[in-house]
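This note's numbering numbers the first residue of the sequence shown as 318 and each following residue consecutively.
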Amino acid sequence: MTTPLTVDQLQPRLHRLTVIDVRSPGEFAGGHIPGAHNVPLDRLAEAVPALRAAAGRGELVVTCASGARALHACEQLAAADVQTLLVDGGTAAWAANGGALNRVPGRPVRWAMDRQVRLVAGSLVLAGLVVDVAVPGVRWVSAAVGGGLLFSAVSNTCAMGSLLGRLPYNRPRDSGAELDATLAALRDGGR
């Protein structure tokens, strides 16, 4: 069972908690809760031992942009016997409540994953409808994208977001080294 934590509850406890942000490195670089560690959702399985060690020393809080990916991460961690708290509303709620966001120096700000998904899905739907004028039947691409978005909403997962998160645009060249350093800090007691 994952316990939600409002940003009002998070603020006074922030210095005592280990915050894990499961967004892509590109999104994380654009603005994250101060002191947060970036462990992308698609790399969470390899981070379980380090996260278990961090949770053994104190409370572990998981966040993302709005909370959906963080909830999925909390479910994965609960299955691995790692207790977590969930930032209700994610980093967006933190910022909307006046919380400061740290940025990774020298990194460009990337669009949030949900915005990238909306751009790609909308483009595919529009392209399918336009191309259907010349090539009848292509509109079914638009229908498939619509079906995928419906499934995404019902299942609270997003295959398109997962794929977009793996693009080089969302993964700086040194993100593997950064994750290794993050995991080492979590194993060794860094907050």
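Yeah, the Cβ is synthetic: ideal placement off N, Cα and C, and Gly gets one too.
Please check the pair residue i and residue j, which I expect to be a contact at CB under 8 Å, by giving their CB distance rounded to whole angstroms.
i: R337; j: L368; result: Note that residue 337 is Ile in the sequence shown, not Arg. Contact flag correct, Cβ pair sits at about 7 Å.
i: V455; j: V462; result: With a Cβ gap of about 12 Å, V455 and V462 do not count as contacting.
i: V324; j: W411; result: 5 Å
i: A387; j: V339; result: 6 Å
i: G373; j: R333; result: With a Cβ gap of about 15 Å, G373 and R333 do not count as contacting.
i: L496; j: R360; result: 6 Å
Exposed or buried, which one is residue i when buried takes at least 16 other CB atoms within 10 Å?
i: A476; result: exposed
i: L480; result: exposed
i: A498; result: exposed
i: P453; result: exposed
i: N419; result: exposed
i: V450; result: exposed
i: N414; result: exposed
i: P366; result: exposed
i: F468; result: exposed
Just to confirm my understanding: we take residue i, look at its own chain, exclude 5 residues before and 5 after, and list those with CB closer than 7 Å. What are they?
i: P485; result: none
i: G506; result: R374
Just curious, the beta strand (DSSP E) that residue i is in, first and last residue?
i: V404; result: L402 to V404
With respect to the alpha helix (DSSP H) encompassing residue i, which residues constitute its N-terminal and C-terminal limits?
i: T408; result: G407 to A413
i: L322; result: Run containing L322: none in the alpha helix (DSSP H); it sits in the beta strand (DSSP E), T320 to L322.
i: W428; result: Note, W428: premise wrong, no alpha helix (DSSP H); not H, not E.
i: V462; result: R456 to S472
i: G423; result: That residue, G423, is in no alpha helix (DSSP H); it is neither H nor E in DSSP.
i: G506; result: Looking at the DSSP string, G506 is not in any alpha helix (DSSP H), and its letter there is neither H nor E.
i: L480; result: A476 to G482
Quick one: what's got a C-beta closer than 8 Å to residue i's C-beta in the same chain, skipping five residues either side?
i: L441; result: V458, S459 and V462
i: D405; result: P321, L322, T323, V324 and G384
i: A417; result: P351
i: N473; result: A385, L388 and H389
Which residues in the same chain as residue i place their Cβ atom closer than 6 Å to its Cβ, once the five residues preceding and following it in sequence are excluded?
i: A364; result: V356 and L500
Measure from the C-beta of residue i to each C-beta in chain B and report whether the shortest distance is under 8 Å.
i: L402; result: Of the protein chains in this structure there is only one, and it is not chain B.
Report the residue ranges of all alpha helix (DSSP H) runs contained in full by the region 329-391; include only those spanning at least 4 residues, in chain order.
Fully enclosed alpha helix (DSSP H) runs of 4 or longer: 342-347 and 361-374.
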